[in-house]
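Structure record follows, encoded as structure tokens.
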Amino acid sequence: MFDLRIFSIRESAHRIHNPLTERQLADFGAALDLRAGTRVLDLACGSGEMLSSWARDHQITGRGVDLNPDFIASARARADELGVSGAVQFVEADASGFVAEEPVDIAACVGATWIGGGVPGTLDLLRRSLTPGGMLLVGEPYWRTVPTSPDILAGCGVQSAEDYLTLPDLLASFGAQGYDVVEMICATEESWDRYQAAQWLSMRRWADAHPDHELHDEVRRLLVTEPQQYAACTRAHFGWGVFALIAR
263 MFDLRIFSIR ESAHRIHNPL TERQLADFGA ALDLRAGTRV LDLACGSGEM
313 LSSWARDHQI TGRGVDLNPD FIASARARAD ELGVSGAVQF VEADASGFVA
363 EEPVDIAACV GATWIGGGVP GTLDLLRRSL TPGGMLLVGE PYWRTVPTSP
413 DILAGCGVQS AEDYLTLPDL LASFGAQGYD VVEMICATEE SWDRYQAAQW
463 LSMRRWADAH PDHELHDEVR RLLVTEPQQY AACTRAHFGW GVFALIAR
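Count the sequence shown with my numbering and you get residues 263 to 510, in order.
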């Protein structure tokens with residue numbers, strides 16, 4: 263079962279809560295040809311690095327929404343650090359069902375499509391905040407190689423290989439839902455490592471500092487099992503990407 267407290271521990275040092283590096287995020291913003299004043303809504307925004315760094319680099323404005331109070335606090339601090347707190351704001355709230363009061367130019371959910379019950383529902387949710395002709399950004403895993411072993415599937419955190427699509431099938435599914443794919447950026451093995459392996463150091467430091475905490479034994483268990491599981495499962499089989507879509 264998902265535990266928000268453990269998620270906060272494992273990603274406490276992350277600025278980006280997905281397998282993208284800061285360089286990739288910057289490259290993606292440049293590829294989208296963001297213009298000054300572009301209005302962006304980011305649902306399940308994490309620590310807000312996408313909004314804050316794009317506000318610094320491209321003078322966008324935006325709002326990020328996330329349920330995790332630790333991440334929202336980090337997002338606000340990062341916006342202050344980058345001098346963009348007047349351009350972006352961060353709201354501690356459930357992103358599921360969140361719709362902007364005024365339409366935005368870009369509506370994003372980068373790696374949390376559970377907020378809409380999957381990709382189709384998340385696209386429908388995002389579109390409710392979008393100005394006509396605007397752009398959606400959705401982050402989603404896909405299979406690089408489809409595992410057949412039940413143990414590998416379990417290690418990837420899924421019950422069935424049908425839980426995700428291959429990259430060609432994922433791209434085709436966007437078309438079937440009425441969208442053109444106009445840009446994308448995908449994780450590399452290096453960016454997967456930076457995202458995943460950085461969690462182990464955070465967990466180790468937390469466990470050392472909190473030997474009597476009720477979560478200590480569970481964090482220790484994860485620290486022992488996850489490196490091998492990651493190498494055999496996630497790193498070997500999963501891709502991940504952010505896809506820019508415009509309705510046809």
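Glycine residues also receive a C-beta, built at the ideal position from the N, C-alpha and C atoms. Computed from a prediction, not measured in an experiment: that's the story for all the values here.
Contact under 8 Å by Cβ, residue i with residue j
| i | j | result |
| --- | --- | --- |
| THR428 | GLU402 | no |
| ALA349 | THR323 | yes |
| ALA355 | LEU329 | yes |
| ALA423 | LEU415 | yes |
| SER453 | LEU282 | yes |
| CYS418 | THR300 | no |
| VAL400 | PHE505 | yes |
| VAL366 | LEU303 | yes |
| SER464 | ILE271 | yes |
| ARG510 | TYR441 | yes |
| ILE368 | GLY395 | no |
| TRP468 | VAL486 | no |
| TYR426 | TYR404 | yes |
| GLU284 | GLN461 | no |
Cβ-based neighbour list, residue i, same chain, cut-off 6 Å, excluding 5 preceding and 5 following
| i | result |
| --- | --- |
| PHE352 | GLY310, GLY326, ILE334, ALA337 and ARG338 |
| ALA341 | SER314, SER347 and VAL350 |
| ALA298 | GLN321 |
| ARG318 | LEU344 and VAL346 |
| ALA370 | ASP304 and LEU399 |
DSSP bridge partner residues for residue i (one or two, in chain order)
| i | result |
| --- | --- |
| TYR222 | A question about residue 222 goes unanswered here, because the residues of the chain that appear run from 263 up to 510. |
| ARG301 | THR323 |
| ALA509 | TYR441 |
| VAL361 | In the DSSP output, where bridge partners are listed per residue, VAL361 has none listed. |
| ILE447 | VAL504 |
| ILE368 | VAL302 and MET397 |
| LEU388 | Its beta-bridge partners do not exist; DSSP assigns none. |
Cut-off 7 Å between Cβ atoms - residues of its own chain near residue i, not counting five sequence neighbours on either side
| i | result |
| --- | --- |
| VAL361 | ARG390 and SER391 |
| LEU296 | TRP316, HIS320 and ILE322 |
| MET446 | GLY503, VAL504, PHE505 and ALA506 |
| ARG406 | HIS499, PHE500 and GLY501 |
| PRO409 | LEU415, CYS418, ALA423 and HIS499 |
| GLU451 | ARG497 |
8 Å Cβ shell around residue i - same chain, five flanking residues per side excluded
| i | result |
| --- | --- |
| SER443 | It should be pointed out that residue 443 corresponds to Val in this sequence rather than to Ser. Within the same chain, VAL443 has close Cβ partners LEU433, PHE436, GLY437, PHE505, ALA506 and LEU507. |
| ASP455 | ARG497 |
| PRO412 | none |
query: Do the segment 483-499 and the segment 428-440 make contact, defined as three or more Cβ pairs closer than 8 Å?
result: no
message: Using a Cβ distance threshold of 8 Å, determine whether the segment 472-489 contacts the segment 281-296, with at least three qualifying pairs required.
response: no
- prompt: With a cut-off of 8 Å, do at least 3 Cβ pairs link the segment 269-281 to the segment 296-312?
  reply: yes
Completely contained alpha helix (DSSP H) runs for the segment 308-356, where each covers 4 or more residues: 311-320 and 331-344
Whole runs of the alpha helix (DSSP H) within the segment 473-505, excluding any shorter than 4 residues: 478-491
query: Which whole runs of the alpha helix (DSSP H) in the segment 401-445 are 4 residues long or more, in chain order?
result: 412-417 and 429-438
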